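Notes to accompany the following structure.
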Amino acid sequence: MEKKILDTVKKAVKELYAIEATEKQLLLQKTLPDYEGDFTVVVFPFAKSAKKSPVEIGEDLGKYLKKNMDEVADYNVIKGFLNLVFRNEVWTQFLSTNYNDENYGINESQEQKPVVIEFSSPNTNKPLHLGHVRNNLLGESVARVMKAAGRNVKKVNLVNDRGIHICKSMLAWQKWGEEETPESTGLKGDQLVGKYYVLFDQKLKEEKETLRQQGVAEDNLDEASELMKQAREMLRKWENRDEKVLELWKKMNNWVYEGFDETYERMGISFDKVYHESETYLIGKQMVLEALKRNQLEKAEDGSVWADLSEFDLDKKLLLRKDGTSVYMTQDLGTAKLRYEDFDPSNMLYVVGNEQDYHFGVLKLVLKKMNYEWADRIEHVSYGMVELPDGKMKSREGTVVDADDLMDEMYHTAKAMTEELGKIDGLSNAEAENLVNMISQGALKYFILKVDPKKNMLFNPEKSINFTGNTGPFIQYTHARIKSLLRRSGKSSFDLDAYNPEDLILPEKDVIKKLAAYPAVVKEAAKEMSPAIVANYTFELVKLYNQFYQDVPVLKNDNQLVIDFRLAMSVFVANVVRSSMAILGIEVPEQM
């Protein structure tokens, strides 16, 4: 509908004023609640070229649109704004055509080059934590909304399974683990390995304090530390493919992978392909050496290799250390190349926190420096940090909030609240557990995804599980309420052909207009890579529906056609709520 209005406006200004309207000049808005109308055309952009006042232009365009668009019943002009009033038939016919379409607003994937979205990227030395929760939920939802907008999407994960931090966990387990395993301790594998990462840091602090007392300077503590020497030696042996070190590395990594898989399954996260740093860093290293031969990079006197980015007004970037070992940038070069070869994507999106903005900017420039034409396909989907009311998280100190612990807390809170409110009365144990899981996951996901990804956010578990306000449970409850209403009606089909459009009332019209906006919302969210647009649209929709439900008796009317129309509208709302929440990775219940 919006496109039809703008196309007609474009045609009108050409005929009336000989103006070739640009995209920037064609501005359409929803009419403000204080004014009569459904859509508002902003006419200010044409005033200078048309050499008329905005009010005169509004009148000219209003007459033109009323004459040339059957949908327009009337119009009014307020200063530089043309408000269009649509015929009721437009909205009733729209409802009749679309109310039972469960895929309304969702576009089928077109055959095209895929968009590759990388997210999660955990380290194999600790469990997933709250920061990973936002990353995973955002990455999964961006993938879902782009797929809903018709894009061909591939989800990938890059596991950080090499480096000194991995060796710290391995060394601590080797020294103090006493052959503990996930089976012997009852711990998930990632939690067991994370325990030894924290232990290493604790032992290192103790050793450093002893060294300080012995007079070692602060700047020399790492160098003097016996623990750090052993960790660096283990890393050296790993890079030299030492058999015993590799055996330990594989064993502990497998523990972590099993733990990750449990967490991913619980969160509803999946990937089309998983990459590992232990493989991609070698590709990156080879790329650097080849670029060095082509004189695209520079070798310093100490043997280190650098990319001179002065042409981009940046400093030099280290790619290989003097001992030939790689840095993070090196493995990202290799990953990008491998991903390009695997998928030939139209875009390669990296869902990573905003502290890495500079890193991904440099990654593109280094690839350009090395003459990879696909460098511009890389895009950083940057997002803000997430904190709890108690402050930031510190993984090495063991004060991090694990994703598993957070989800457990959400489950117990949801269970207590649903029991208190009687939401699970009459349900079997299995049904009750399923509902509590659905509510707790919905609360977590919605609370995080409703925030603009670019903004930092404060996650409050208690506020997220609330059956009123802008929360997941409120939206889930609305869906359950509609399903209950439909069951009470005893009807599954509705006579809409004989419905009189003159019976349409404003609360119904407001809900239908919001439903009509859903396809555009999906497209906008995909374009902006912001699930928050879908989340907040859904809240606005259910808020309108609940206001309608409170004010208008759905099942009580002398006219059965009116009842059928309101039930059909309720079906439509339920379908769109289910669809939009699925984009956020959230299930909605049939009863609550």
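Count along the sequence shown from 1, then add 1108; that gives the number in our numbering. Each residue gets a CB set at the ideal place from its N, CA and C atoms; glycine is no exception. Quick caveat: nothing in here was measured; it's all calculated off a predicted structure.
C-alpha distance - residue i paired with residue j, whole-angstrom precision
i	j	result
residue 1286	residue 1274	19 Å
residue 1534	residue 1255	38 Å
residue 1209	residue 1638	25 Å
residue 1503	residue 1380	Because residue 1503 sits at a pLDDT of 43, beneath the cut-off of 50, its placement in the model cannot be relied upon, and the following sentence gives the value as read from the coordinates. Computed Cα separation, rounded: 28 Å.
residue 1455	residue 1437	19 Å
residue 1334	residue 1414	31 Å
residue 1635	residue 1622	20 Å
residue 1319	residue 1453	52 Å
residue 1500	residue 1237	With a pLDDT of only 45 at residue 1500, under 50, the local geometry of the prediction cannot be trusted, and no value is derived from it.
residue 1505	residue 1235	Confidence at residue 1505 is low in this model, with a pLDDT of 47, below 50, so the placement of that residue is unreliable and no value is reported for it.
residue 1607	residue 1670	7 Å
residue 1512	residue 1684	30 Å
residue 1653	residue 1526	23 Å
residue 1435	residue 1340	15 Å
residue 1410	residue 1401	17 Å
residue 1212	residue 1681	11 Å
residue 1547	residue 1467	37 Å
residue 1509	residue 1617	46 Å
residue 1184	residue 1116	17 Å
residue 1224	residue 1584	31 Å
residue 1153	residue 1374	51 Å
residue 1517	residue 1595	33 Å
residue 1604	residue 1591	20 Å
residue 1741	residue 1239	A question about residue 1741 goes unanswered here, because the residues of the chain that appear run from 1109 up to 1700.
Sub-8 Å separation of residue i and residue j beta-carbons
i	j	result
residue 1558	residue 1542	no
residue 1441	residue 1390	no
residue 1568	residue 1661	no
residue 1278	residue 1336	no
residue 1678	residue 1645	no
residue 1261	residue 1230	no
residue 1459	residue 1226	yes
residue 1693	residue 1248	yes
residue 1353	residue 1342	yes
residue 1586	residue 1650	yes
residue 1136	residue 1114	yes
residue 1194	residue 1181	yes
residue 1531	residue 1700	yes
residue 1385	residue 1439	yes
residue 1134	residue 1118	yes
residue 1602	residue 1672	yes
Bridge partner(s) assigned by DSSP for residue i
i	result
residue 1591	Bridge partners of residue 1591: none, in fact.
residue 1565	1494
residue 1415	1425
residue 1137	1148
residue 1489	1459
residue 1186	1189
residue 1383	1266
residue 1407	1413
residue 1225	1263 and 1457
residue 1180	1194
Range of the contiguous beta strand (DSSP E) that encloses residue i
i	result
residue 1148	1147-1150
residue 1194	1189-1194
residue 1458	1455-1461
residue 1464	Counting along the chain, residue 1464 falls outside any beta strand (DSSP E), and DSSP gives it neither H nor E.
residue 1261	1261-1267
residue 1328	Taken as a continuous stretch (DSSP letters only), residue 1328 belongs to no beta strand (DSSP E), as it is neither H nor E.
residue 1313	Not the beta strand (DSSP E): residue 1313 falls in the alpha helix (DSSP H), residues 1297-1321.
residue 1613	Premise fails: residue 1613 is in no beta strand (DSSP E) and is neither H nor E.
Run of the alpha helix (DSSP H) containing residue i, from where it starts to where it stops
i	result
residue 1649	1639-1659
residue 1550	1537-1557
residue 1440	1436-1451
residue 1512	1511-1529
residue 1240	1238-1256
residue 1272	1272-1284
residue 1231	Here residue 1231 belongs to no alpha helix (DSSP H), and DSSP marks it neither H nor E.
residue 1335	1334-1347
residue 1351	1351-1375
Residue i beta carbon near the ligand GDP (any heavy atom closer than 7 Å)
i	result
residue 1397	What this structure holds is no ligand at all, so the ligand GDP is not there to describe.
Within the chosen definition, does the segment 1614-1626 reach the segment 1215-1235 through at least 3 CB pairs nearer than 8 Å? no
Under 8 Å: do the segment 1141-1151 and the segment 1175-1193 share three or more Cβ pairs, one atom per stretch? yes
Is it the case that the segment 1570-1584 contacts the segment 1545-1556, given that we only count it when at least three CB pairs across the two stretches are under 8 Å? yes
Inter-stretch contact at 8 Å, needing at least 3 Cβ pairs: the segment 1349-1363 / the segment 1284-1298: yes
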